[in-house]
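The structure under discussion appears below in the form of structure tokens.
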Amino acid sequence: MSLDAFLEPAAADLLDGVTDAALKQKLLTVVERLQQAAADYGDGLTFANSLGAEDALLTGLMAEYQPDIQQFVLDTGRLPEETLTLLDRVRQKWPQIRLQVYYPDAAQLQGWVSEQGVNAFYRSEALRKACCGVRKLEPLRRALAGRAAWITGLRREQSVTRDQLQYSERDAANGLQKLSPLFDWSEAEVWAALRALKLPYNRLHDQGYPSIGCAPCTRAVNPGDDPRSGRWWWENPENRECGLHKR
Ligand code: SF4
Numbered sequence: 001m002s003l004d005a006f007l008e009p010a011a012a013d014l015l016d017g018v019t020d021a022a023l024k025q026k027l028l029t030v031v032e033r034l035q036q037a038a039a040d041y042g043d044g045l046t047f048a049n050s051l052g053a054e055d056a057l058l059t060g061l062m063a064e065y066q067p068d069i070q071q072f073v074l075d076t077g078r079l080p081e082e083t084l085t086l087l088d089r090v091r092q093k094w095p096q097i098r099l100q101v102y103y104p105d106a107a108q109l110q111g112w113v114s115e116q117g118v119n120a121f122y123r124s125e126a127l128r129k130a131c132c133g134v135r136k137l138e139p140l141r142r143a144l145a146g147r148a149a150w151i152t153g154l155r156r157e158q159s160v161t162r163d164q165l166q167y168s169e170r171d172a173a174n175g176l177q178k179l180s181p182l183f184d185w186s187e188a189e190v191w192a193a194l195r196a197l198k199l200p201y202n203r204l205h206d207q208g209y210p211s212i213g214c215a216p217c218t219r220a221v222n223p224g225d226d227p228r229s230g231r232w233w234w235e236n237p238e239n240r241e242c243g244l245h246k247r
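Numbering (our numbering), first residue to last: 1 to 247.
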């Protein structure tokens with residue numbers, strides 16, 4: 001099916017604000033990927049919305065073009081206030097999107113904190129991964145249960161752990177297909193698109209945070225530094241994943 005057949009008039013209006021022809025073409029390609037994914041997977045498809053810059057772009061495109069794609073946010077209980085502010089703003093701006101928030105299992109979290117304390121992640125990589133397990137991976141498993149595919153905002157150039165990323169690949173760890181419509185985008189292109197489309201984004205990005213996770217595990221980085229270097233900065237770069245995106 002051609003792209004013209006996918007696009008509704010409202011979608012064309014949104015992209016009219018993009019004057020850079022190359023950027024507009026990349027956006028159209030992403031829209032095509034989203035709409036094809038919705039056609040392929042229906043309600044078996046879900047979008048893991050981390051509320052980062054890439055996901056702010058995907059959220060805006062979905063709200064305009066494909067609001068029936070279900071999406072979820074993992075609220076770990078340690079998110080920065082700016083991230084929660086953006087979540088509220090997204091829900092108010094686009095009431096048409098189907099967004100669900102998942103929280104850690106209360107009993108599991110209570111047991112973990114009682115045993116290890118609230119900031120155990122600083123003590124060792126194993127404890128950090130265990131915290132991510134309780135606060136992120138268990139809720140992720142619930143969010144992905146019964147799904148055939150999920151959409152992420154991953155990009156190849158984000159880190160050494162993602163440089164082999166494909167648009168569509170089997171996620172063996174979670175047992176479904178993983179789609180990354182921005183896999184071939186640069187950070188500069190993401191920001192050019194966010195600005196051209198005037199989409200809301202996390203204000204921490206303006207304070208030196210290119211990648212934003214939980215507040216105690218994220219810090220600002222210097223211009224030009226590895227964008228992921230502000231995440232779990234006390235660990236080796238090869239290990240700086242929370243387990244959501246095992247390869
Ligand atoms: S990012 Fe930090 S606070 Fe958040 S779940 Fe992982 S270890 Fe815990």
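We put the CB at the ideal spot given by N, CA and C, even for glycine.
ask   = Are three or more beta carbon pairs between the region 49-63 and the region 143-159 nearer than 8 Å?
value = yes
message = Measuring only from the beta carbon, is T76 closer than 8 Å to any heavy atom that is part of the ligand SF4?
response = yes
ask   = Between F121 and the ligand SF4, is the CB less than 8 Å from at least one heavy atom?
value = yes
ask   = Mapping DSSP to helix, strand and coil, what is Q35?
value = helix
ask   = Are the Cβ atoms of R98 and P200 separated by less than 9 Å?
value = no
query = Helix, strand or coil: how does DSSP classify F47 here?
reply = strand
Inter-stretch contact at 8 Å, needing at least 3 Cβ pairs: the region 209-217 / the region 71-89 = yes
ask   = Going straight from the alpha carbon of Q108 to that of G230, what length do you get?
value = 28 Å
ask   = What three-state label does DSSP hand R253 in the structure shown?
value = With the chain covering only 1 through 247, there is no way to say anything about residue 253.
message = Per DSSP, what are the beta-bridge partners of L248 in this structure?
response = This structure leaves residue 248 out entirely; the chain is present only between 1 and 247.
inquiry  = Using DSSP's beta-bridge definition, name the partner residues of V113.
reply    = Paired residue(s): none; V113 is not in a bridge.
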